[in-house]
Structure formats: structure tokens, C-alpha cells
Amino acid sequence: MSDTMTDPYAVTRISKEAQVEGLRFWPQEKGTYPGLVLLHEWWGLTSQIKDLAARLACEGYAVLLPNLYIRQGGMVTVNAEVAAALMSRMKESEMLQDVNSCCEYLNTRDQVKRNSHGVIGFGMGGSLAIRFACQRKRLRAAVSFYGKMVMPPAVLKDLACPLLYHRAGADEWVTAEEVEHLRQAAKDFEKSVEIRTYDGAPHAFCNETRQDTYRPEAAKLAWESTVAFLSDRFKADR
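For what it's worth, the numbering used here labels the leading residue of the sequence shown as 273, then goes sequentially.
Rendered as C-alpha cells:
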């Protein structure tokens, strides 16, 4: 596949040495940048998540977008039942290994500042982002958009970096109790966790391709706060 050049970023396949399949979005301007790993929802590697990766690259980050479904043939779907089946067949340990491989790959690139990394995820990817931030010690930032709490709250004692959590106020997938467990665990273990709630917004309120759930005002606020959060976390690397 040939490179697709779109100013001000370039998108190419992640090279084979990373042991992960997916795409990378590099700022075109020469320099060294903080690295981000962007984790997709249960729909797979959609055009919508690729657009988000491009937006992050335009903010000045070297972005890796791994295909977490590569063991399922790299499928992409718009059918919720198919998406649920795909997600259920995935092993969390394998997906976390892929995310870690992305970070290690970033450390080999001249364009990326060593160990200056963050992870961002949506839905399924948001759950993985929290879990990964409790596993990898050398992270600067983690952002979860309405990720479900799939691990015991005690795991938060290993949270290695500040976490920004975007909560959909009318989420039917992530319960208020789960979010409260996150809040309490952050307090108990003295971790930096910021929870932003968007009243009335349903799960996946940032996905503009889903007109049943998309809430443009909430999505705009969530994106702006994410950009500000990342800017603060990586300001020493600019």
C-alpha cells in the first residue's frame, strides 16, 4: 500500500517490525513529537477512528492506530451484534500486548520522543486504555471515552499516569456505579483521575457516524478538554 500524503500529516502502515498491524499518522513537519496510541471501538478500524487519528496528528502527536481485530481478520462492521461477537472473541491480554508493542515501536522512531507516550481509547478501546495505564509504567497520559470498567477497582492502585475519563451521562453500557467505583478507587489510591460527565449524552456520543447517539456539543467539549489535557501532560516535551 502506498503512502497517502495529506498536509499536515502523513499516514502509512505500521511497519512489520512493530509486530502489530495498523496505521501510523505522523506530523509532516520535521521534529520529534510525543507519541499516542489510539484504540478503536468495537466496530473495528473504521474511517471515523482514522479521522480522529489524523486530528491528533494535526495537534502535533505521532499517532499509532493498531487494528485490534487483526486476529479476527481485521473485520470492520456497523452491526452491533457482529461487533459484540468480535469483541467477545478477543483476549484482553493479547490486545494489551499489541498496545505495548505500539509503545515499544514508538521508542524506535527518530520522530518520537522516547517514553513520551499516551493512550486514548473509545468504548472498547476506552476500557483497554484504563487497563493499559495500570500496566505500563512509562506513560504520560491516558484518556478513556466512556470505557467500561472491566477490572476490579483495586487495579487502579497501579495507575501510572493521570487519567481523563469522559462519562456519558445517559450511558446504558457503563453504569453510574462503575464510574463511582473508579472515582472512589482514585481517591483511595491517591491517583490523578479527572471524570467529566456530559449530562444527557448517550454512549458513543462522540461518534459522528452514529446519528442515534452523536451529540455534537458534548463531543466538541470532550475533544477540547482532551486536547488541553494532552497539551498539559506533554508540555515538557514540546
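Heads up, the beta-carbon is just placed ideally off N, CA and C, and yes, glycines get one too. Note that the structure is predicted; figures quoted are calculated from it, not measured.
Under a 10 Å Cβ-count criterion, Ala356 is classified as exposed, with fewer than 16 other Cβ atoms of the shown protein chains found around its own Cβ. Annotation: Asp484 to Gly472 spans about 13 Å, alpha carbon to alpha carbon.
With distances taken between CA atoms, Lys429 lies nearest to Lys459 out of Lys459, Ser360 and Leu436. When the five nearest sequence neighbours on each side are left out, the beta carbons in the same chain lying within less than 7 Å of the beta carbon of Met367 are those of Leu340 and Leu400, in order along the chain. Here Phe501 carries a helix assignment [DSSP, helix/strand/coil].
With contact defined as three or more Cβ pairs closer than 8 Å, the region 373–384 and the region 344–363 are not in contact. The residues Arg439 and Gly441, in chain order, have a CB closer than 7 Å to that of Thr469 in the same chain once the five nearest residues on each side in sequence are set aside.
Bounds of the beta strand (DSSP E) holding Lys385 are Val384 to Phe394. When secondary structure is reduced to three states using DSSP, Phe297 falls in the strand class. Cβ contact annotation for Val499 (same chain, cutoff 8 Å, sequence separation greater than five): Glu331, in chain order. Approximately 5 Å separates the beta-carbon atoms of Ile467 and Tyr437; this is inside 8 Å, confirming the contact.
The beta-carbon separation of Leu310 and Leu328, rounded to 7 Å, stays under the 8 Å limit for a contact.
For the pair Phe404 and Ala413, the CB atoms are not nearer than the 9 Å cut-off. By alpha-carbon distance to Gln407, the top candidate from Phe394, Tyr418 and Met423 is Met423.
DSSP places Arg439 inside the beta strand (DSSP E), whose first and last residues are Leu435 to Ala440. Bounds of any beta strand (DSSP E) do not take in Val348, whose DSSP letter is neither H nor E. Between Ile342 and Asp370, the CB-CB gap stays under 9 Å.
By the 16-neighbour rule on beta-carbons within 10 angstroms, Asn479 is buried. Residue environment analysis places Val335 among the buried positions, since at least 16 neighbouring C-beta atoms fall within 10 angstroms of its C-beta. About 3 Å separates the beta carbons of Gly398 and Gly419, which is inside the 8 Å limit, making them a contact pair. Within the DSSP secondary-structure output, Glu466 pairs in a beta bridge with Leu436. About 5 Å separates the beta carbons of Asp509 and Ser388, which is inside the 8 Å limit, making them a contact pair. Taking a 10 Å sphere around the C-beta of Arg296, we find 16 or more other C-beta atoms and assign the residue as buried. According to DSSP, residue pairing for Leu336 in a beta bridge involves Arg296 and Val309. Taking a contact as a CB-CB distance under 8 Å, the pair Met396 and Trp495 does not count as one, their CB atoms being some 19 Å apart.
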